[in-house]
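Taking this note's numbering, the leading residue of the sequence shown gets 1, the next gets one more, and so forth. C-beta atoms are modelled at their ideal positions from N, C-alpha and C, and glycine is treated no differently.
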Amino acid sequence: MMPETSAKPSDQRPEATLGQSQAPVGDGAGRQAWLEQADGSRVAIQGNCSLGRAPKNQVVLADERVSRRHAIIHAQSEGEFWLVDLGSGNGTFINGRRVGQPKRLSDGDTIQMGAFQAVFRLSGGAQDPSTATLAPKQTQVDSKTSPCWLLLTDIEGSSRLSQHLDPGILAAMIGRWLARSKEAIEHEGGVINKYLGDGLLAYWPETQVEPTGIVAALGLLGQLQAEGEPPFRVVLHYGEVVMGGMASLGEESLFGREVNFVFRMERLAATLRQPRLLSDAAARQLGGGLATKSIGTHPIPGFEGEHPFRSF
Numbered sequence: 001m002m003p004e005t006s007a008k009p010s011d012q013r014p015e016a017t018l019g020q021s022q023a024p025v026g027d028g029a030g031r032q033a034w035l036e037q038a039d040g041s042r043v044a045i046q047g048n049c050s051l052g053r054a055p056k057n058q059v060v061l062a063d064e065r066v067s068r069r070h071a072i073i074h075a076q077s078e079g080e081f082w083l084v085d086l087g088s089g090n091g092t093f094i095n096g097r098r099v100g101q102p103k104r105l106s107d108g109d110t111i112q113m114g115a116f117q118a119v120f121r122l123s124g125g126a127q128d129p130s131t132a133t134l135a136p137k138q139t140q141v142d143s144k145t146s147p148c149w150l151l152l153t154d155i156e157g158s159s160r161l162s163q164h165l166d167p168g169i170l171a172a173m174i175g176r177w178l179a180r181s182k183e184a185i186e187h188e189g190g191v192i193n194k195y196l197g198d199g200l201l202a203y204w205p206e207t208q209v210e211p212t213g214i215v216a217a218l219g220l221l222g223q224l225q226a227e228g229e230p231p232f233r234v235v236l237h238y239g240e241v242v243m244g245g246m247a248s249l250g251e252e253s254l255f256g257r258e259v260n261f262v263f264r265m266e267r268l269a270a271t272l273r274q275p276r277l278l279s280d281a282a283a284r285q286l287g288g289g290l291a292t293k294s295i296g297t298h299p300i301p302g303f304e305g306e307h308p309f310r311s312f
């Protein structure tokens, strides 16, 4: 995890106004999240919320100091919300500190970009009895099992980068990389499930993508790897995943052994110094659509035996 920077936005900027109608907070079951401005106006957050100057954003900010695609608030893990800067020129700030990587939001955090400032609010804390009863029930109703492609990316040597690069330059680099990675994955129908500080987890249900789409996404990510800003690893796995979510927050959570497997694959890739790692299950599903090379069998903690892997 890379440290946050302490640069602060100017306190003299005029208050920003939202460039869209302000939706009320939803009243469905489960936790509710919203942005609250100084005048008491609220903008509900349901699923992923994009912020920026471009009209296609969920929250449109009419401020030249705000980038067209400035940041997103990403719902993940049943009640977690993460703020992700997308390589903005002037930065995104939480409680006066510039966001250098995806950061989980807490109730009461102040978010600022350009002249826009709002407080993040999240109802239904861990001790809220209504949340304790409704959230697990909702997850159980919505859960299903589906074969999925699982893709994990992670920046190599993030601590070293933080020691050698100016914090502002590093924050912008990571933001641009996250934005371009997101674009590459979503271009081929993938879904970002989690931002992980130094990387992300994405998935494709098997029924919604052909192997050629997976190969195309890997090709786009390979182009980013070749640029090396920043250097990062890519691992790909395929297996049965339990999918469930909180309908009121518009999110989907992934569970099960195969999810654990792909995270441990990433650790193996780091140990082997492999920038691109493919599980045997993923290689079999891709068939001959991707040139690969065997790197032998290796143990995975928590999984019996040794498992074959390939580089690509």
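Residue i and residue j look like a contact to me (Cβ under 8 Å); what is the Cβ gap, rounded to whole Å?
| i | j | result |
| --- | --- | --- |
| D198 | S162 | About 10 Å separates the two Cβ atoms, so there is no contact after all. |
| G287 | E258 | Contact doesn't hold; Cβ gap of about 20 Å is too wide. |
| S279 | L236 | 7 Å |
| Y195 | V84 | 5 Å |
| L51 | G175 | Actually they do not touch by this definition, with Cβ atoms about 13 Å apart. |
| L152 | L201 | 5 Å |
| F63 | R53 | In the sequence as presented, Phe is not what sits at residue 63; that position holds Asp. With 8 Å as the limit, D63 and R53 qualify as a contact, their Cβ atoms being about 7 Å apart. |
| S253 | S77 | 6 Å |
Please return the same chain residues whose Cβ sits closer than 6 Å to the Cβ of residue i, not counting the five positions on each side in sequence.
| i | result |
| --- | --- |
| A33 | I45, F81 and L122 |
| I214 | W149 |
| F312 | R276, L278, L290 and T292 |
| I295 | F309 and S311 |
| R65 | N90 and G114 |
| H164 | none |
| G79 | R31 |
| Q58 | C49 and S50 |
| V209 | G189 |
| E266 | L152, D154 and V235 |
| R160 | none |
Residues in its own chain within less than 7 Å of residue i by CB, not counting five upstream and five downstream?
| i | result |
| --- | --- |
| A23 | Since pLDDT at A23 reaches only 45, below the 50 mark, its modelled position is unreliable, and no value is offered. |
| Q285 | P211 and Y238 |
| P205 | S146 and C148 |
| A118 | L35, E36, Q37 and I111 |
| N95 | D109 and T110 |
| P129 | Note that P129 scores 30 on pLDDT, short of 50, meaning its location in the model is unreliable; the coordinates nonetheless yield the value given after this. The answer is none, since no qualifying residue turns up. |
| A315 | The structure shown does not extend to residue 315, since the chain spans only 1 to 312, so no value can be given for it. |
| A132 | Legend: pLDDT at A132 = 30, less than 50; position of this residue unreliable, value from coordinates given subsequently. Once the five neighbours on either side are set aside, A132 has no close Cβ partner at all. |
| Q173 | The identity of residue 173 in the sequence shown is Met, whereas the question assumes Gln. So the list reads E229 and P230, once near-sequence residues are dropped. |
Using only CA atoms, which one of the options lies nearest to residue i?
| i | options | result |
| --- | --- | --- |
| G168 | Y203, L286 and G89 | G89 |
| R69 | S77, A75, C49 and Q76 | C49 |
| F261 | R104, R273 and H298 | H298 |
| A184 | A171, L196 and Y203 | Y203 |
| L241 | E156, I72 and S146 | Reading off the sequence, residue 241 comes out as Val, not Leu. Ranking the options by Cα distance to V241, first place goes to S146. |
| L220 | T207, V209 and K182 | K182 |
| P102 | A171, V209 and A270 | A171 |
| H74 | E266, I192 and L224 | I192 |
| K144 | T271, R273 and G256 | G256 |
| T271 | S67, E156 and L224 | E156 |
| L178 | S41, K56 and A71 | A71 |
| D154 | F120, D166, Q225 and V209 | Q225 |
| R180 | R273, R160, G305 and Q223 | Q223 |
Taking DSSP's pairing of strands, which residues face residue i in a bridge?
| i | result |
| --- | --- |
| A75 | F81 |
| K144 | M243 |
| A118 | I111 |
| G199 | D154 |
| L348 | The shown model of the chain, from 1 to 312, leaves out residue 348, and the question about it has no answer. |
| K194 | L201 |
| T297 | P308 |
| V234 | T153 and R276 |
| L51 | V59 and A71 |
| F303 | I300 |
| S253 | G244 |
| K182 | Answer by DSSP bridge pairing: none, since K182 is not bridged. |
| R104 | W82 |
Excluding the five sequence neighbours on either side, which residues of its own chain have a C-beta within less than 8 Å of the C-beta of residue i, listed in chain order?
| i | result |
| --- | --- |
| R264 | I300, P301, G302 and F303 |
| E227 | none |
| A281 | H237, Y238 and G239 |
| H307 | S279, D280, T297, H298, P299 and I300 |
| S67 | G52, R53, L86, G87, S88, G89 and N90 |
| N305 | The sequence given here has Gly at residue 305, not Asn. If we look at G305 and ignore the five residues flanking it on each side, its Cβ neighbours are P299. |
| D166 | none |
Check whether the Cβ of residue i sits closer than 8 Å to any heavy atom of the ligand ADP, and report yes or no.
| i | result |
| --- | --- |
| A71 | With respect to the ligand ADP, the structure shown offers nothing to examine, as it has no ligands at all. |
Closer than 9 Å, CB to CB, is residue i near chain B or not?
| i | result |
| --- | --- |
| W204 | Absent here is chain B; the protein component of the structure consists of one chain. |
Discussion item. Between the segment 231-242 and the segment 97-108, can you find at least three pairs of beta-carbon atoms closer than 8 Å?
Written reply: no
Item to complete: State whether the segment 172-190 contacts the segment 204-218, with contact taken as three or more CB pairs (one from each stretch) at a distance under 8 Å.
Response: yes
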